[in-house]
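Chemist: Numbering (our numbering), first residue to last: 173 to 411.
Note that the Cβ used here is the ideal one computed from N, Cα and C, for glycine as well.
Dumping the structure here so I can ask a few things about it.
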Ligand code: SAM
């Protein structure tokens with residue numbers, strides 16, 4: 173049986189409710205997926221779990237869903253931010269998509285000294301995070317924050333959150349992730365790596381833990397996936 177279409181709806185969900193569809197969502201369900209009225213799909217709102225929903229109306233202006241039984245409890249990811257320096261567009265899209273699939277709770281584009289990417293379209297990146305959540309069966313959608321300069325991010329760093337500083341200068345050396353539960357963030361630099369000034373500031377921070385991602389230099393998108401895997405296996409919800 174083909175797996176049910178899954179749709180994120182930014183609307184609180186509860187059994188018996190009627191939920192409006194935006195025009196693009198109605199077009200996707202009836203135009204692209206060619207679902208007849210009465211079809212049952214899965215919907216989630218990122219806060220209350222996943223529900224069955226019956227397609228009641230779909231036209232050029234929008235449509236509506238009738239919400240049925242809850243099929244999956246809400247499962248928030250661990251409190252883990254992915255902070256990364258944006259790179260070329262397609263690879264930045266990839267990083268955001270993987271972060272959503274791999275259980276980051278928040279995604280923060282960070283502008284560092286050597287970040288050389290064009291403007292970051294936060295609305296497009298948020299749409300990628302939503303698509304990834306729809307595809308991977310997650311009931312949570314990480315928020316993609318507005319880009320922030322590294323110095324400003326560190327100046328306002330939240331009390332109690334540890335920072336997994338993926339430092340390419342540790343390539344080939346040891347730099348293990350401490351076994352410390354609680355809120356964390358992963359930090360991945362740009363293609364050009366971190367500047368000496370950035371590295372010395374980061375290494376002075378009590379809450380920052382310089383970590384090696386092995387004996388080879390990884391591309392930033394590879395490093396993001398490797399770091400999220402390492403953290404989830406060690407401290408997250410993959411055990
Ligand atoms: N231009 C840098 C160089 O040649 O040394 C490489 C930067 S790398 C392409 C991008 C980011 O991925 C780095 O800033 C770091 O955060 C992470 N990274 C890549 N390889 C790593 C490693 N072996 N250990 C720790 N972090 C790594």
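Go to residue 372, then tell me how far its beta strand (DSSP E) extends in each direction, as first and last residue.
Modeler: Segment 368-376 is the alpha helix (DSSP H) holding residue 372; no beta strand (DSSP E) there.
Chemist: Give me the Cβ distance between residue 241 and residue 223, rounded to the nearest whole Å; I'm assuming they're in contact under 8 Å.
Modeler: Their Cβ separation, rounded to whole angstroms, is 7 Å, which keeps residue 241 and residue 223 in contact under 8 Å.
Chemist: Counting Cβ pairs, one atom from each stretch, are 3 or more of them under 8 Å apart for the segment 338-358 and the segment 399-409?
Modeler: Verdict: yes, contact present.
Chemist: CB residue 185 to CB residue 230, shorter than 8 Å?
Modeler: No, the pair does not count as a contact, with Cβ atoms beyond the cut-off.
Chemist: Please return the same chain residues whose Cβ sits closer than 8 Å to the Cβ of residue 187, not counting the five positions on each side in sequence.
Modeler: Answer for residue 187: 223, 239, 240, 241 and 242, listed in chain order.
Chemist: For the candidate residues 247, 219 and 233, whose alpha-carbon lies nearest to that of residue 409?
Modeler: Among 247, 219 and 233, the Cα nearest to that of residue 409 belongs to 247.
Chemist: So residue 257 and residue 314 are in contact, right, with Cβ under 8 Å, and what is the actual spacing, rounded?
Modeler: Not quite, the Cβ-Cβ distance comes to about 18 Å (not below 8 Å), so this is no contact.
Chemist: Does any heavy atom of the ligand SAM sit closer than 7 Å to the C-beta of residue 202?
Modeler: Not under cutoff, so the answer is no.
Chemist: Where do the ends of the beta strand (DSSP E) carrying residue 199 lie?
Modeler: That residue, residue 199, is in no beta strand (DSSP E); it is neither H nor E in DSSP.
Chemist: Helix, strand or coil: which one does DSSP assign to residue 322?
Modeler: Residue state, collapsed to three classes: helix.
Chemist: How should residue 204 be labelled, buried or exposed, when 16 other C-beta atoms within 10 angstroms of its C-beta is the threshold for buried?
Modeler: Result: exposed.
Chemist: I'd like the list of long-range same chain contacts for residue 362, defined as Cβ closer than 8 Å, with 5 residues on each side in sequence excluded.
Modeler: 257, 258, 259, 284, 286, 287, 288, 289 and 392, listed in sequence order.
Chemist: If we ignore side chains and look at the alpha-carbon of each, how far apart do residue 354 and residue 265 end up?
Modeler: When rounded, the distance between both Cα atoms is 28 Å.
Chemist: Just to check, is the beta-carbon of residue 368 closer than 7 Å to a non-hydrogen atom of the ligand SAM?
Modeler: No, Cβ of residue 368 sits at least 7 Å from all heavy atoms of the ligand SAM.
Chemist: Would residue 307 be called buried (16 or more neighbouring beta carbons within 10 Å of its own) or exposed?
Modeler: Exposed: under 16 other Cβ atoms inside 10 Å.
Chemist: For the ligand SAM, is there any heavy atom lying closer than 7 Å to the beta carbon of residue 395?
Modeler: The answer is yes for residue 395.
Chemist: Give me the DSSP bridge partner(s) of residue 193.
Modeler: DSSP output for residue 193 lists 235 as bridge partner(s).
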